[in-house]
Amino acid sequence: MSIPAKTKRVYLQERPKAHITPTTFATETTETPKPGPGEVLVKIDVVSLDPAMRGWLNDARSYVPPVKINETMRAGVIATVMTDGKKLRKGDIVTGTLGWAEYAVAKESSLQKLTPTADTDVLDYMGPLGMTGMTAYFGTIAVGQVKAGQTLVVSGAAGATGSMVCQIGKILGAKVIGIAGSADKCKWLVEDLGIDGAYNYKDKDWKQRFRKEVGYLDVFFDNVGGDILNFFLTRLNRNAKIVVCGAISDYNATKPTGITNYLTLISMRASMQGFIVFDYVKEYPKAEADISKWIKEGKIKRKFHVEEGLEKCPEYLQMLFNGGNTGKLLVRISKPTHKL
């Protein structure tokens, strides 16, 4: 595996005020970086695109520092090690948080060597065995505390995290209802993932049908916020839980929608809690073991939406906000030297 003298990267050129525009990011060709002590050079094969990335572009207080102007756009990746380190060797397949680039240097300690089993795949570490799966697992089990017989409603249900939440909910014995943005996505949720029902929020009568057919809920796992959250605040059973994972409907808004029905939290003795998956890092091994077991048993189905091309990453990122993907959105950056 030869190492080129030059490499490309996509960096943050200016902070978007609302929607990402053609001037938000820029691409440049630079010299391929050389690893220092404790570092290795990696070739980035695949990058993950996630709704949270929009928040990283804002110069605001959050759970991680914002991406700086002129900094390579941050992303989870699968990569091939190109230089020997103390523990990692050339050719090892790793995952970590790097960015939109063809090559990068990283501290060995920041990378996880991947060793897929006969039942798992390298790409699973960008999906069910990666941050997506961890978010769904802890949001459903630790925060939502979903139990058998309860009604679990999931917004953004056809997305990477939402589809995992739906499947974990079924494994736990809940009645699972998904909210998605097209008839095809709703069909996939019911027919392929086996959930109990799905509603297309673009249908004019979906709220009326939900009231009649489902009624009320015990746990609402929210990835969307906005009008959908406000509706489900009126559909709470006593002691219901709302898990706030994201609010993709507001990420590009100059003025967020806001909550209008929050007083039902009082009357229904309900709770509404946000969480960050990094808070559960010590419990990742158990989550990975459980999810690996469910994959082996055929209880977790994976769907990857894979696009190609580093320079198109900004364009592909927009798919998360216009409903252009079903399942986990990835971008292939280079031709891998291993099976993906």
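Residue numbers for the sequence shown follow the working numbering, so the first one is 3 and each next one is one higher.
Heads up, the beta-carbon is just placed ideally off N, CA and C, and yes, glycines get one too.
- In this model, Y264 and S157 are separated by some 18 Å (Cα to Cα).
- Rounded to whole angstroms, G183 and W190 show a C-alpha spacing of 12 Å.
- Less than 8 Å divides the Cβ of P18 from the Cβ of L59.
- Residues S165, C168, G180, I181, A182, L191 and A200 of the same chain have their beta carbon placed closer than 7 Å to that of A159, with the five preceding and five following residues left out of the count.
- For the pair D121 and M270, the Cα-to-Cα distance works out to about 43 Å.
- When the alpha-carbon of M128 is set against those of K295, R304, D252 and K70, the nearest one is in R304.
- Excluding its 5 nearest sequence neighbours in each direction, N72 has C-beta neighbours in its own chain below 6 Å: Y13, listed in chain order.
- Runs of the beta strand (DSSP E) spanning 3 or more residues and lying entirely within the region 53–137 occur at 76–83, 95–101 and 105–109, in chain order.
- Relative to the Cα of V178, the nearest Cα in the group T142, K89, D205 and A162 belongs to T142.
- Contact annotation: T29 and P6 have beta-carbon atoms that are not nearer than 8 Å.
- Residue environment analysis places G248 among the buried positions, since at least 16 neighbouring C-beta atoms fall within 10 angstroms of its C-beta.
- L43 and Y105 do touch by the CB rule: their CB atoms are close to 6 Å apart, below 8 Å.
- Check the Cα spacing between F323 and each of E215, A162, P39 and P67: the tightest is with A162.
- The beta-carbon distance between S251 and G217, rounded to whole angstroms, is 24 Å. This is too long to meet the 8 Å contact definition.
- For E310, the three-state secondary structure derived from DSSP is strand.
- Distances from the CA of Q320 to each of F27, I46 and A272 were compared; the closest alpha carbon is that of F27.
- The beta carbons of G40 and E110 sit closer together than 8 Å.
- With a beta-carbon spacing of about 19 Å, A289 and K243 fall beyond the 8 Å limit used to define contacts.
- Membership of R334 in the beta strand (DSSP E) is indicated by the continuous run K330 to R334.
- With respect to the 8 Å criterion, V49 and L238 are not classified as neighbours on the basis of their beta carbons.
- A distance below 8 Å between beta-carbons, with the five flanking residues on each side excluded, links I278 to the following residues of its chain, in chain order: Y65.
- Taking the C-beta atoms as reference points, L231 is found no nearer than 8 Å to T153.
- Counting only runs of at least 3 residues, the region 171–248 fully encloses the following beta strand (DSSP E) elements, listed from N- to C-terminal order: 177–182, 199–202, 219–224 and 238–246.
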